[in-house]
Every structure is written in structure tokens, then in C-alpha cells.
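**Q** Residue numbering for the sequence shown is 326 to 991, as defined by the working numbering. Note that beta-carbon positions come from the ideal geometry of N, C-alpha and C, so glycine has one too. Here the structure is a predicted model, which means the values were calculated and not measured. Once you've had a glance at the structure underneath, I'll fire off some questions.
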Amino acid sequence: MNEISITFSVESPREREEEIIIKAEVSDNDNLLYKFFVGCNGIWEVLRDFDYKNNIKWVPKEDGKYTIMVQAKVKDSTKPFEYLSRSDFIIGKAQEKIIDSLKINKKEIKVGEKIKIDATSNKDNIMYRYWLKEEFNWQIIKDYTLDNFLECTIKNPGKHEILVECKEINSLKQYNDFARVDFNVLPLKKIEIRNFRCITGERICNEELLFEVDTDGDKDRVILYKFIKISKDREFKCIQDYSTKKVVAYVEEVPGDYRLICMVKDMYSPKEYDDRAIINFSIRPYKNIEINSFTANKMSPQRVETEIELQAIVTGGRELLYRYIIEGNSNVDSGYIRLNNYTWKPEKPGEYKVILWVKDSSFDGEYEQKEEFYFTVDEKVKLPIKIENVIIDKGNEILKHEEVIIEVNASGSSTLKYSFIIRKEGQERGRIDYGSCNFIKFTPQEEGKFEIEVMVKDKYSLKEYDSHKIIYINSYNFFPANIDYILMPLNEYYVAGDTIKINIISINTKDLLFKYVLKINGRKIEETDYVESIEYYFMAPHSGVYVVEIYVKNKLSNKEFDNKKEARIPVHQALPITNTTIKCSDSQIEINKPIIVTVENEGGKDVIYEFYLMEEDEWFKVQNYSKKNYYSFVPFKKGKYRILALCKSSYRKCAYEDYDILEFII
């Protein structure tokens, strides 16, 4: 907006009823219309509407802090105005000089920082009032007080001014003296979301989802993050209200399409948010089903009545179902079963198509993945070649550059030959042609999943192989950490004040780091950093359900954690009441002679007692629950008597914890 120069015939401040000439000028244009306003305490008054005259006489009637506003425009302009300026003017002079100095801690600050004002006076018992001017508006930020200092947070950028008025306690005037100091507030660098992503590899129902936000902004600023989930039905749910956590985790129970809104703002920002971003994502009910291999344990052809084991290696899904269909001279359909292997014993020779259908139990269609191969069955009689087993000396989980020995045991001939093919991601990485050696040494040079195909055939066989099997070996830069067991003392009954010890069992312990988070009744009360200790102690000061969350990761891992487990430990207020016994004051009980029974027990806290008496086969409650552990009465008749004593801790809500019955005959 173009600026207007506003000048006054006298300098501020002035007394009321004094004539003041206000003059407005635009340096590059003399042919303008001018409109004058005066405002005080949010109330504006038009001194004169648009006119060619660029000055006006103003006689203020009241003391106050006034803002003079001037608008200007060219004649016949369709705009409301083309030039605009404001200027402040104070009416009301100080009666006497009371303020010696007015100091400010900084002349330039950033939004959200505190400004400190100190006023010193040459008199005692002086009251001070503080005004703040922002965008030509004056507001009281602290009314008259004996405090000669002020500390406040500035939330808006721009030029600001502090006005301090003071007066003596008994003064009837608005003020006796005043002083002003101005300062500049610099705007904060705009916060922008640089990246908003889901860092969870596969987004599956009932598995934790992690989302992370990166922002641009000053490193020393406190940035708050808020996350809101939107379902496909446009239902909004706040996952995390404004917090300094820029990584949010939650578990989605329903599959479907979702959106997640991230809103960020500076802690001092008055806006609802400074920037926001939306990420679209889909939740699948389970991992995609993939058939890694579908093979027979024997090479085609085979003879009739030979047992052929069909083997399926399938990943994904939550609860897999398998269906084996064999089409040919003798059809077979297993129907959907839960086994990933099926034994087929062909009854007739011929060419067969062997089909595998796989689906999750929740899927309504025929199948989700399908694989098939052809198999020949003939009547040639021979002893089949069979791979009995494949032994991997170090298991199928090894480290990169670690040697592993793969040994094959097969039967069916005394002149067997063995061949091995190594593949990774469908590409052949190595091959050992047929020979008499039934093992290989394999050292992976990189991480990943390796496929080892083992083939066996008779020395005189013309086939590619008589039997084959595929195994998989996973190679890692390091072993991801895993918690095998969480050990605690057996049969422990914990009460408030006990110290509880937890031991963690994990392989490769020396390479792992552990973090422990302690919660009681859902509230976090302690969290450690990642440490090497596999032991964790804590003292339970109160009763309740304590949960210890254990996070573990390999020292080389860049993940937040590799594995997580938790232990739930109930802590009771006191030990349970046991060994309750009723003792009688007299060994010889007689009619019309008072007797006293006393209850003794072990455990409990603030134990209370309730007594019942059976007389003439009728039970009577003779004492409600109280701290009295004894009861006295006088038997007036002969017969059988029974006294029942119930006891419990006073804080327990149950009917009773323990009891005892005393029976005697008079």
C-alpha cells in the first residue's frame, strides 16, 4: 500500500482542548482526495470525508492514546482508497517527572521470546500501568500495580511499543508521568513440511504402522506435531494431539483406504497450524500371498503306486488354505486343507496336470494364487531316487561372509550323483555340476535371500534329475535382535514395596542393546536409554498392574527397534490372608457361662472380621465386618454350636478372603 506522510503542528504528547493541525502529503501526487480518521481504544471517528484539502484541525476532548489514520485516492477512482498511513499521538502530559528511567532487555526479539521492562522512580509508593501497542492498537497488559517491572511474551511480528504510566497511590489522576520504549519483533522462519512418509514396509491389519515427518525450520525452535486419521467413510480420529513427537505409531484393525493428516506449528504460533500434509495409504488384511515354489519330491516320470509328496512353499496371508487338484486318468481333489504338503499316490499311468490353489481363510473367491506343473506316471518298475533330507550345519539364517555346509542325504541307488545351483532374485549365482560329492561349502558375499536347488540322479540316468529339492538361506549383515524369553522368579506373589527383577534371554547378547519402559495402569513412569544390560530391576511402590516393555536392537541396526515384548506383573496391596483359625477362651464350655472366641491369621492388610453363629441348625449373623477379631456370647441351651469367622483385607471388594469354623457340643 502506498504511504502518506502525516505531520502534526505540535509534537506528542499534548494537553486536551489544545488545537492540533494534522497535515497529509503524498510526495509523487498532488491531485488527491484525503479522508481523516481518529481512533482511541478501538473506537474510530471520521474527522472529515474525502476532500482535496490535505490538512485538518483537531481539538481532542479526552486524554488517551490516539491513532490518526489518513486515506487518499484519485478523484473518480473506483477503489475505496489508494494510499493509507497511520500515526500515533498521545493526549495528556505528565504532571511531574516521576520515572527516572525505563529499560528494556532487548530492542529486537523473535516471535515467542519474552521482553523484560524495568522502570525506576525517584519516589516511593508509586503505581505502574503497562500498555502494549501492536498494529496501531493499544491494550493494557497490566493495570496499576506496585510492580516496577514487566515480563511478557510477544506473539506477533512487527514494530511494537511499551508505554508505562505511573502515579502516586493517592493520586486521583489517570497518571502523573509516563515513558515509552519501542522494540522490533522479527518473524519466525516459516515452518514447512519437507517430507511425510510411512516408514513401515508393509501396511497390514493389526500390525504397528509408523509415520515420520521432516520439517524445515530453526533447530532451536519447539515444533509441535498433530496427526489425524481419515477413514474411507470420512470418519476423523485424532491419533496424536499436538506434541513434540514427530514419529507416530498406531495399529489399524480394519483394512481399507485411509488418509493421515499431519499438522505442524511452532509452539508459540497463534495459528491452528503453520503447515500440513496428507498421505494416502491402504491397509491390507494380510501380506500378499506368493507361491515361492511348488514341487514334487520325486522327478517325473514315476511308476504307478509310488507315493509322491507335493510340497508348497508359500508366504503371506494370515491363515493359509491349500487345495491340491490332480487332473488326468485318475482325478484327485484334496479340497481346501491347512497343510502345505500333500501325498499323492497315482493309481493309473498317464500324463497328469498337478495344480495348487492357495488362498487366505477370509477370502471368498476360489483362489488368490495358482501354480501348476505336469507329471508323468508310467508302469516302469524301478526303485525311485529320493532325497531323504538336506542338512544345513548352521541353519538357514547366517551372516554375510560366513561359511555354511549344505549336505544331502538321498536313497534309491548306490551310484548317485549330486548337483547344486545357487540363485538370488531369480538370477543364477553359482553352479556345481553332477559329481559324487554330496555336500557343498557356500559363503554368501552379500545380504539377501539365496535359493539353493539340490538335484540328485542315478549315474546312468538320462534325466536332468531323478529327485530335487529347493531350500532357502537368508544372509544378513547382522542378525536382527530378538527376545527369546523374559524370565521372572516363579510363583512370586508381589506386594507393594517389593523389588522386581526381570532377565532377558536373547542369542548374540553381546551384539544387542536393550531399552526398558515401565508403566503402571497404562501410565509411563520410567524409560531407560538403550543399554547392554539384560537385567532390569524396579521397586513397585503401589499396587496395580505393572507393564515392562522391552525393546531390543542390534548395535548395527538403524531401526528404532528390531523386536519388542512386554511383561505384565500384577502387584498386590498385601499378601493374601491364610491360616485363619478360631481359638476359644475356655477349654470347657458350659451353659450360661460366657465364652470368647478369637480369630488369628497371617497376611492381609487392615484385616476386618464378620461372625456367624449356628444354633439349633440355624445360622445367624452376629457381627458385621469390623476390626474386632473376637466375639463373645453366652450359650443358654444344650446342643451343637458352630461359629463361622470370615475375614478379608479392608481394601478388598470380595465377600471374604479366608474363613474358619469352630464347632462344639454342650
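Give me the Cα-Cα distance between SER868 and ARG522, rounded to the nearest whole angstrom.
**A** If I take the Cα positions, the gap works out to 41 angstroms.
**Q** Would you call the stretch 639-647 in contact with the stretch 686-706, where contact means no fewer than 3 C-beta pairs closer than 8 angstroms?
**A** Short answer: they touch.
**Q** Taking just the CA atoms, how far does ASN926 sit from CYS909?
**A** Spanning the two alpha carbons is a distance of roughly 15 angstroms.
**Q** Would you mind sorting VAL706 into buried or exposed? The rule is 16 or more other CB atoms within 10 Å of its CB.
**A** Low confidence applies here, because VAL706 scores a pLDDT of 48, under 50, leaving its location unreliable and the question unanswered by this model.
**Q** TYR667 and SER655 - do their beta-carbons sit closer together than 7 angstroms?
**A** Contact flag unset, no.
**Q** Hey, how far is the Cα of GLU915 from the Cα of GLU941?
**A** So the alpha carbons of these two residues sit roughly 16 angstroms apart.
**Q** Could you tell me how far apart the beta carbons of ARG454 and LYS467 are, in whole angstroms, since I believe they sit closer than 8 angstroms?
**A** Right, their Cβ atoms sit about 7 angstroms apart.
**Q** Does the separation of the CB atoms of LYS725 and GLU772 fall below 7 angstroms?
**A** The answer is yes: Cβ separation under 7 angstroms.
**Q** Taking 7 angstroms as the threshold (beta carbon to beta carbon), is GLU387 in contact with chain E?
**A** As a matter of chain content, chain E is missing from the structure shown, which is built from one protein chain.
**Q** Suppose contacts are defined by Cβ-Cβ distances below 7 angstroms. Is ILE662 in contact with TYR647 by that definition?
**A** Yes, the pair counts as a contact, with Cβ atoms nearer than the cut-off.
**Q** Just verifying my parser: in three-state terms, what is the DSSP assignment at LYS963?
**A** Here LYS963 sits in coil by DSSP.
**Q** Which of the three DSSP states, helix, strand or coil, is assigned to GLU742?
**A** The identity of residue 742 in the sequence shown is Lys, whereas the question assumes Glu. In this structure, LYS742 counts as strand in the three-state DSSP scheme.
**Q** Would you list the residues sitting across from GLU921 in a DSSP beta bridge?
**A** Rather than Glu, the amino acid found at residue 921 in this sequence is Ile. The partner list for ILE921 (beta bridge, DSSP) reads SER957.
**Q** What does the Cβ neighbour count give for MET813, buried or exposed, with the cut at 16 atoms within 10 Å?
**A** Looking at its Cβ environment, which holds fewer than 16 other Cβ atoms inside 10 Å, MET813 is exposed.
**Q** Name, in chain order, the residues that DSSP records as bridge partners for ASP376.
**A** Paired residue(s): TYR359.
**Q** Under DSSP, the beta strand (DSSP E) around CYS563 begins and ends at which residues?
**A** Looking at the DSSP string, the run of the beta strand (DSSP E) that includes CYS563 is 561-568.
**Q** Would you list the residues sitting across from ASN520 in a DSSP beta bridge?
**A** ASP539.
**Q** Under three-state DSSP, which class holds VAL706?
**A** Low per-residue confidence applies at VAL706: pLDDT is 48, beneath 50, and the placement is therefore not dependable enough to give any value.
**Q** Skipping 5 residues on each side, what residues in its chain have a beta carbon closer than 7 angstroms to that of THR701?
**A** Around THR701: SER625, PRO626 and GLU676.
**Q** Considering Cα atoms alone, identify which of TYR801, THR620, ILE650 and PRO866 is closest to ILE712.
**A** Selected option, being the one with the closest Cα: THR620.
**Q** Within 8 angstroms, do at least three Cβ pairs link the stretch 480-488 to the stretch 504-515?
**A** These segments touch.
**Q** Within a Cβ cutoff of 7 angstroms, which residues of the same chain sit near GLU460, ignoring the five residues on either side of it in sequence?
**A** Contacts found: GLY483.
**Q** What's the C-alpha gap between ILE850 and LEU838?
**A** Going by the C-alpha atoms only, they are around 21 angstroms apart.
**Q** Measure the Cβ-Cβ separation of VAL872 and GLU891 and say whether it is below 7 angstroms.
**A** Result yes, Cβ atoms of VAL872 and GLU891 sit closer than 7 angstroms.
**Q** If you measure between the beta carbons of ILE465 and ASP600, is that distance less than 7 angstroms?
**A** For ILE465 and ASP600, no; Cβs fall outside 7 angstroms.
**Q** Do TYR567 and GLY437 count as a contact pair if the criterion is CB distance below 7 angstroms?
**A** Not in contact: GLY437 and TYR567 (Cβ atoms no closer than 7 angstroms).
**Q** Straight-line CA distance for PRO595 to ILE798?
**A** If I take the Cα positions, the gap works out to 57 angstroms.
**Q** Run through DSSP, which three-state label would THR905 get?
**A** Note: THR905 maps to strand in three-state DSSP.
**Q** Counting only the same chain and skipping the five closest in sequence on each side, list residues whose C-beta sits under 7 angstroms from that of CYS365.
**A** Around CYS365: GLY389, LYS390 and TYR391.
**Q** If you check the beta carbons only, do PHE362 and VAL371 fall under 7 angstroms apart?
**A** Cβ atoms of PHE362 and VAL371: closer than 7 angstroms.
**Q** Please classify ILE829 as buried or exposed, where buried requires at least 16 other C-beta atoms within 10 Å of its C-beta.
**A** Buried: at least 16 other Cβ atoms inside 10 Å.
**Q** When you compare each of PRO580, GLN636 and ARG505 to ILE796 by their alpha carbons, which one comes out closest?
**A** Selected option, being the one with the closest Cα: GLN636.
**Q** According to the neighbour-count rule (16 or more other Cβ atoms, all chains shown, within 10 Å of its Cβ), is ALA349 buried or exposed?
**A** ALA349 should be labelled buried.
**Q** Taking three-plus beta-carbon pairs below 8 angstroms as touching, is the stretch 439-450 in contact with the stretch 421-430?
**A** In short, these stretches touch, since the Cβ pair count reaches three.
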